[in-house]
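**Student:** Below you will find the structure I want to go over with you.
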């Protein structure tokens with residue numbers, strides 16, 4: 033049995049107009065990275081708020097907000113993603129439109145600049161069996177859709193190369209099937225949930241995964257109900273330890289809970305912490321953003337810090353990394 037979870041949370045008050053919640057990962061974010069995280073969150077929030085006020089659909093808003101965060105470089109997503117054991121970037125993403133109950137997802141991408149745009153393209157694909165693609169074929173599909181492609185070294189930042197080398201030195205010898213779960217290493221994703229002028233909801237999540245993991249590992253991010261979920265009542269995006277989030281079906285359970293947003297978010301991240309033991313012997317940590325059609329929204333996390341931001345047309349907003 034793990035120790036009692038220390039859950040922190042913030043609440044977005046009840047409203048029915050356009051609203052947006054964004055996260056940039058939940059982990060022990062170093063102080064030296066706070067400013068860059070704040071800038072990335074601020075740019076994402078400005079992009080999304082402007083689109084919502086102009087009448088853009090929620091699914092378009094979360095696509096562009098997450099794409100901007102993939103490009104920013106501060107986060108474990110897109111250009112700036114953490115590296116696998118072999119020094120590669122492998123990225124996952126998922127998106128869901130609540131009104132249509134439609135989703136798209138992609139995993140193990142190495143050449144697609146905006147994984148969330150491939151997930152969106154797959155959501156819109158005419159073939160009903162083509163909603164989730166992975167690996168080289170998924171990158172090839174992105175090229176067929178006309179999405180921007182780059183060779184894998186283009187995605188590798190100096191920050192993550194240095195982090196990769198430091199982890200390798202610290203580990204020494206290790207079992208090659210195990211990812212690294214040391215303190216102070218990113219367990220981040222980026223994600224957004226939005227409500228548009230029509231009251232429709234959408235969720236999107238993108239990640240570069242867990243540092244120093246074996247190639248081919250897929251976490252929660254591209255799995256509907258785990259890393260993202262939306263219906264006509266609520267939308268959610270998760271961040272943290274992917275295997276625990278997947279086992280908890282974190283986003284779907286939070287969306288489907290018959291509770292207030294803050295109660296649902298708190299109870300689900302607390303339940304995950306209590307029930308699942310992490311590699312270091314503690315509880316499974318993570319964070320969640322949740323937005324409803326009418327009852328407001330919430331952010332909850334059990335990590336030392338979470339990067340999160342919110343905006344609503346009625347004037348409510350926050351942008352915090354702590």
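Numbering (our numbering), first residue to last: 33 to 354.
For glycine and all other residues, C-beta sits at the position ideal for the given N, C-alpha and C.
Keep in mind the model is a prediction, meaning the values are calculated, not measured.
#1: Can you tell me where the beta strand (DSSP E) with residue 186 in it begins and where it stops?
#2: Pairing CB atoms from the segment 273-292 with CB atoms from the segment 300-315, are three or more of them under 8 Å?
#3: Could you name the residues of the same chain whose beta carbon sits closer than 6 Å to that of residue 195, not counting the 5 residues immediately before and after it, in chain order?
#4: Let's see if you can read the secondary structure: which residues bound the alpha helix (DSSP H) around residue 283?
#5: Threshold first: 3 residues or longer. Then list the beta strand (DSSP E) segments lying entirely within the segment 230-294, N to C.
#6: Report back the beta-carbon spacing between residue 297 and residue 47 to the nearest angstrom; my notes put them in contact at under 8 Å.
#7: Run through the segment 118-164 for me and flag every whole beta strand (DSSP E) of 3 or more residues, listed as ranges in chain order.
#8: How many angstroms separate the CA atom of residue 165 from the CA atom of residue 57?
#9: For residue 293, which residues from the same chain have a beta carbon less than 8 Å from its beta carbon, with the 5 sequence-adjacent residues on both sides left out?
#10: Within 10 angstroms of its Cβ, does residue 55 collect 16 or more other Cβ (buried), or is it exposed?
#11: I want to know whether the segment 250-259 touches the segment 116-130 - three or more CB-CB distances under 8 Å.
#12: Which one of 108, 94, 49 has the shortest CA to CA distance from residue 69?
#13: Of the choices 115, 313, 79, whose alpha-carbon is the least far from that of residue 184?
#14: Once DSSP output is grouped into helix, strand and coil, what is the label at residue 307?
#15: Does DSSP put residue 179 in a helix, in a strand, or in coil?
#16: Identify every residue that forms a DSSP beta bridge with residue 69.
#17: Between 154, 95, 182, which lies nearest to residue 170 when the distance is taken from Cα to Cα?
#18: Is the beta carbon of residue 101 closer than 7 Å to that of residue 76?
#19: Might you give, ordered along the chain, the residues of its own chain that have their beta carbon closer than 7 Å to the beta carbon of residue 121, omitting 5 neighbours on each side?
#20: Apart from the five residues on each side of it in sequence, which residues of its chain come closer than 6 Å, Cβ to Cβ, to residue 247?
#21: Got a sec? Which residues, its chain only, sit under 8 Å from residue 337 by beta carbon, not counting five neighbours each side?
#22: Count the other C-beta atoms from every protein chain shown that fall within 10 angstroms of the C-beta of residue 290, then say buried if there are 16 or more, exposed otherwise.
#23: Should residue 104 be labelled buried (16 or more other beta-carbon atoms within 10 Å of its own) or exposed?
#24: Taking residue 91 as the reference, give the member of 308, 262, 78 with the closest Cα.
**Tutor:** Here's the rundown:
#1: Reading the chain shown from its first residue, position 154 is the one you call residue 186. Neither: residue 186 is in no beta strand (DSSP E) and is coded neither H nor E.
#2: The segment 273-292 makes contact with the segment 300-315; the number of CB pairs closer than 8 Å reaches 3 or more.
#3: Along the chain shown, one-based indexing puts residue 195 at 163. Around residue 195: no qualifying Cβ.
#4: Locating residue 283 in the chain shown gives position 251, where the first residue counts as 1. Where residue 283 is concerned, the enclosing alpha helix (DSSP H) stretches over 282-288.
#5: Assignment of beta strand (DSSP E) within the segment 230-294, counting only whole runs of 3 or more residues, yields 233-239, 260-262, 266-272 in chain order.
#6: Position 265 of the chain shown, counted from the start, is the residue given in the question as residue 297. Position 15 of the chain shown, counted from the start, is the residue given in the question as residue 47. Wrong, their Cβ atoms sit about 17 Å apart, outside the cutoff.
#7: If we require 3 residues or more, the beta strand (DSSP E) runs fully inside the segment 118-164 come out as 123-129, 134-141.
#8: Along the chain shown, read from residue 1 onward, the residue named residue 165 stands at position 133. Along the chain shown, read from residue 1 onward, the residue named residue 57 stands at position 25. Linking residue 165 to residue 57 through their CA atoms gives a straight-line distance of about 24 Å.
#9: Walking along the chain shown from the start, residue 293 turns up at place 261. Contacts found: 43, 44, 266, 322, 323, 324, 327, 328, 329, 330.
#10: Position 23 of the chain shown, counting from 1, holds the residue named residue 55. With 16 or more other Cβ atoms within 10 Å, it is buried.
#11: Judged by Cβ distances under 8 Å, the segment 250-259 makes contact with the segment 116-130, as three or more pairs qualify.
#12: For the purposes of this step, residue 69 is taken as the residue at position 37 of the chain shown. Ranking the options by Cα distance to residue 69, first place goes to 108.
#13: In the chain shown, residue 184 corresponds to position 152, counting from 1. Proximity to residue 184 across 115, 313, 79 peaks at 115, based on C-alpha coordinates.
#14: Working through the chain shown from its first residue, we reach residue 307 at position 275. Helix at residue 307.
#15: Counted from its first residue, the chain shown places residue 179 at position 147. Assignment of residue 179 by DSSP, reduced to helix, strand and coil, places it in the coil class.
#16: Counting from one through the chain shown, the residue named residue 69 turns up at place 37. Beta-bridge analysis with DSSP links residue 69 to no other residue.
#17: As a first step, residue 170 is located in the chain shown; it is residue number 138 there, counting from the start. When each option's Cα is compared against that of residue 170, the closest is 154.
#18: The residue given as residue 76 occupies position 44 in the chain shown. The residue given as residue 101 occupies position 69 in the chain shown. Closer than 7 Å, so yes.
#19: Position 89 of the chain shown holds residue 121. Around residue 121: 113, 115, 142, 184, 187, 188, 240.
#20: Taking the first residue of the chain shown as 1, we reach residue 247 at position 215. Non-local beta-carbon contacts of residue 247 in its own chain, meaning distances under 6 Å to residues more than five positions away in sequence, involve 116, 118 in chain order.
#21: Against the chain shown, residue 337 aligns to sequence position 305. Result list for residue 337: 58, 59, 60, 61, 353, 354, in chain order.
#22: Locating residue 290 in the chain shown gives position 258, where the first residue counts as 1. Burial call: exposed.
#23: Indexing the chain shown from 1 puts residue 104 at position 72. It is buried - the Cβ of residue 104 has at least 16 other Cβ atoms within 10 Å.
#24: Here residue 91 refers to the residue found at position 59 of the chain shown. The residue among 308, 262, 78 with its C-alpha nearest the C-alpha of residue 91 is 262.
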